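**Student:**
Numbering (our numbering), first residue to last: 31 to 206.
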């Protein structure tokens with residue numbers, strides 16, 4: 031996938047906070063902020079009748095998490111490693127080239143996930159808003175250098191991922 035294709039996809043996904051309407055809006059998009067709407071995507075896809083259960087928690091996360099495939103798990107590990115490296119930028123420890131390299135790694139990880147992941151429609155629909163946010167953060171970093179908002183976006187993606195996916199490698203490799 032070309033960089034322009036990825037940018038267009040990220041832009042399109044960012045403009046479609048009402049994706050649940052495409053899958054049958056159950057009223058979850060009314061009055062929610064965009065992050066909650068992203069989480070509503072997962073719930074609405076779930077509510078359409080999958081075998082994982084149709085209930086969600088108060089934030090809209092599915093009651094049962096989906097199993098990731100290996101490319102998703104590996105790609106999210108790359109996103110986490112890049113985010114950890116970027117966190118050093120908040121202390122002034124990264125130069126512009128290092129921030130650009132991190133942005134490139136984030137984009138590469140997302141491109142690999144798009145190319146290699148083979149998920150069922152419901153978890154795939156839940157994943158796309160996360161990946162769009164990673165791409166948006168990568169674009170911000172590439173264009174503006176270190177950005178605390180981009181770092182916060184990435185950290186939120188990393189917090190949301192285990193709420194959607196039951197990835198054994200995620201908990202095994204996470205050290206706080």
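Just so it is clear, CB atoms sit at the ideal spot from N, CA and C, and this is done for glycine as well.
These numbers come from a predicted model, not from an experiment.
In terms of residue numbering, what span does the alpha helix (DSSP H) encompassing residue 190 cover?
**Tutor:** 178-194
**Student:** Taking 8 Å as the limit between beta carbons, can you name the residues of its chain near residue 60, skipping five residues before and five after?
**Tutor:** Because residue 60 sits at a pLDDT of 31, beneath the cut-off of 50, its placement in the model cannot be relied upon, and the following sentence gives the value as read from the coordinates. Excluding positions up to five away in sequence, the list is empty.
**Student:** Can you tell me whether DSSP reads residue 92 as helix, strand or coil?
**Tutor:** strand
**Student:** For residue 146, count the other beta carbons within 10 Å of its own beta carbon; 16 or more makes it buried, fewer makes it exposed. Which is it?
**Tutor:** exposed
**Student:** Hey, how far is the Cα of residue 96 from the Cα of residue 195?
**Tutor:** 5 Å
**Student:** For the putative contact between residue 105 and residue 139, defined by C-beta atoms under 8 Å, what is the C-beta separation to the nearest angstrom?
**Tutor:** 5 Å
**Student:** Around the Cβ of residue 151, are there at least 16 other Cβ atoms within 10 angstroms (buried) or fewer (exposed)?
**Tutor:** Taking every protein chain shown into account, the CB of residue 151 has fewer than 16 other CB atoms within 10 angstroms, so this residue is exposed.
**Student:** Assign residue 197 to one of two classes, buried (16 or more other C-beta atoms within 10 Å of its C-beta) or exposed (fewer than that).
**Tutor:** Result: buried.
**Student:** Specify, as a first and last residue, the run of the alpha helix (DSSP H) that residue 119 falls within.
**Tutor:** Where residue 119 is concerned, there is no enclosing alpha helix (DSSP H), given that its DSSP letter is neither H nor E.
**Student:** State the start and end residues of the unbroken alpha helix (DSSP H) segment that holds residue 134.
**Tutor:** 126-146
**Student:** Going by Cα to Cα distance, which pick from 92, 124 and 135 is closest to residue 164?
**Tutor:** 135
**Student:** Compare the beta carbon distance of residue 143 and residue 188 with 7 Å and say whether it is the shorter of the two.
**Tutor:** no
**Student:** So what does DSSP say about residue 198, is it helix, strand or coil?
**Tutor:** DSSP places residue 198 in helix when its eight states are reduced to three.
**Student:** Can you say whether residue 148 is buried or exposed, counting buried as having 16 or more other CB atoms within 10 angstroms of its CB?
**Tutor:** exposed
**Student:** Let's see if you can read the secondary structure: which residues bound the alpha helix (DSSP H) around residue 173?
**Tutor:** Counting along the chain, residue 173 sits inside the alpha helix (DSSP H) bounded by residues 151-174.
**Student:** Can you tell me whether residue 101 is helix, strand or coil according to DSSP?
**Tutor:** helix
**Student:** Compare the Cα-Cα distances from residue 115 to each of 100, 99, 133 and 98 and report the closest residue.
**Tutor:** 133
**Student:** Give the straight-line distance between the Cα atoms of residue 178 and residue 155, rounded to the nearest whole angstrom.
**Tutor:** So the two alpha carbons sit approximately 27 Å from each other.
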